[in-house]
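Undergrad: Dropping a structure here in structure tokens format, bear with me for questions.
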Amino acid sequence: MPKNYNLRNIILEVLEGNELSKKTLLEAVRSRSGVGASDKTFNESLMALLREGQIYIADYDFSIYNGVKRIQSIRPDGIVFGVFRMDFVEIETILKQMESKNQEEVYRASKNLKRLFRRKIDEIRKDGNQEIESNADSLFNQTMYYMNSLGEEPKNSLRNKLAWSLSNNKGSLEMFKSIASFIESQKMS
């Protein structure tokens, strides 16, 4: 088994439930593996995981500049990574976080959901299918607006269907197309 395959698994384990800067992630991976993975091998593993959609770029950690006010270059060590989850339960939890009173939690949930919407729309369009007219952010906003206008029972039902449609479960893509088509047909006022 290639060395970077094991490194990829360690990266995923370290990122599970965390969003870490490249610098912190590298330190944690080296500590956990007990092996001094080269920067080149580490970067190759990160890029493969990004390309495969298993991780994502979540943010940028400005603390790596140690208080410097005038920043003139982007340092890769500040890029913050997270694990990309496509599991029904994880997505349902993210949808429920949209109703939190904690603004930071709502913001993170919104970013994650928009990322999922973009990914599903890209998946549909990759096959040359142009059924969905809206861009991901617009469709996301329309969907949240519509869902929040519903009573509790229909809202829960739509949330469950939306979580399934955004997952990588069997039939999820067809369900996403149906939901998107329905949302686009509604007149938002």
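To convert, note that position 108 of the sequence shown is 159 in our numbering; the numbers rise steadily by one, no gaps.
Beta carbons: idealized from backbone N, C-alpha and C, even for Gly.
Keep in mind the model is a prediction, meaning the values are calculated, not measured.
1) On the CB-based measure, 16 or more other CB atoms within 10 Å of its CB, does Arg59 come out buried or exposed?
2) Among Leu164, Asp138, Ser72, Thr144, which has the Cα closest to the Cα of Val252?
3) Which residue from Ile172, Ser236, Val140 puts its Cα closest to that of Ala214?
4) Where in the segment 69-129 do unbroken runs of the alpha helix (DSSP H), each at least 4 residues long, occur, reported from the N-terminal end onward?
5) Between Ile234 and Ser216, which are expected to be in contact by the criterion C-beta below 8 Å, what is the C-beta distance as a whole number of angstroms?
6) Is the beta carbon of Phe135 closer than 8 Å to that of Gly85?
7) Count the other CB atoms within 10 Å of the CB of Ser96; is the residue buried (16 or more) or exposed (fewer)?
8) Can you say whether Ser236 is buried or exposed, counting buried as having 16 or more other CB atoms within 10 angstroms of its CB?
9) Excluding the five sequence neighbours on either side, which residues of its own chain have a C-beta within less than 8 Å of the C-beta of Glu67, listed in chain order?
10) Sorted by chain position, which residues of the same chain lie with C-beta nearer than 8 Å to Met149's C-beta, five sequence neighbours on each side aside?
11) If I'm right that Met137 touches Asn219 with Cβ under 8 Å, what's the distance once you round it to whole angstroms?
12) For Ser114 and Arg126, I'd like the C-alpha separation in whole angstroms.
13) Rounded to whole angstroms, what's the CA-CA distance from Leu146 to Lys212? Just pull it up for me.
14) Classify Phe135 as helix, strand or coil using the three-state DSSP reduction.
15) Do you know offhand how far Leu100's Cα is from Thr92's?
TA: In terms of the structure at hand:
1) Along the sequence shown, one-based indexing puts residue 59 at 8. Classification for Arg59: buried.
2) What the structure shows of the chain is the stretch from 52 to 240, and residue 252 is not part of that stretch, so it cannot be assessed.
3) The residue labelled residue 214 in the question sits at position 163 within the sequence shown. Nearest C-alpha to Ala214 among Ile172, Ser236, Val140: Val140.
4) You should have 73-84, 90-102.
5) Counting from 1 along the sequence shown, the entry for residue 234 is found at position 183. Counting from 1 along the sequence shown, the entry for residue 216 is found at position 165. In fact, because the Cβ distance is near 11 Å, the residues do not count as touching under 8 Å.
6) Here residue 85 refers to the residue found at position 34 when the sequence shown is read from its first residue. Here residue 135 refers to the residue found at position 84 when the sequence shown is read from its first residue. No, they are not a contact pair.
7) In the sequence shown, the residue the question calls residue 96 occupies position 45. With 16 or more other CB atoms across the displayed protein chains lying within 10 angstroms of its CB, Ser96 is buried.
8) On the sequence shown, residue 236 is found 185 positions in, with the first residue counted as 1. By the neighbour-count criterion, in which 16 or more other beta carbons inside 10 Å mark a residue as buried, Ser236 falls on the exposed side.
9) Residue numbering aside, residue 67 sits at position 16 when the sequence shown is read from its first letter. Hits under 8 Å: Val134.
10) Taking the sequence shown and counting its residues from 1, the one referred to as residue 149 is at position 98. Result list for Met149: Val157, Ala160, Ser161, Leu164, Met195, in chain order.
11) The sequence position of residue 137 within the sequence shown is 86, counting from 1. The sequence position of residue 219 within the sequence shown is 168, counting from 1. With 8 Å as the limit, Met137 and Asn219 qualify as a contact, their Cβ atoms being about 4 Å apart.
12) The residue labelled residue 114 in the question sits at position 63 within the sequence shown. The residue labelled residue 126 in the question sits at position 75 within the sequence shown. Rounded to whole angstroms, Ser114 and Arg126 show a C-alpha spacing of 11 Å.
13) Here the question's residue 146 lines up with position 95 in the sequence shown. Here the question's residue 212 lines up with position 161 in the sequence shown. Cα to Cα, the separation comes out at about 11 Å.
14) Here residue 135 corresponds to residue number 84 of the sequence shown, with the count starting at 1. Taken through DSSP and simplified to helix, strand or coil, Phe135 comes out as coil.
15) For the purposes of this step, residue 100 is taken as residue 49 along the sequence shown, with counting starting at 1. For the purposes of this step, residue 92 is taken as residue 41 along the sequence shown, with counting starting at 1. Approximately 12 Å, taken between the alpha carbons.
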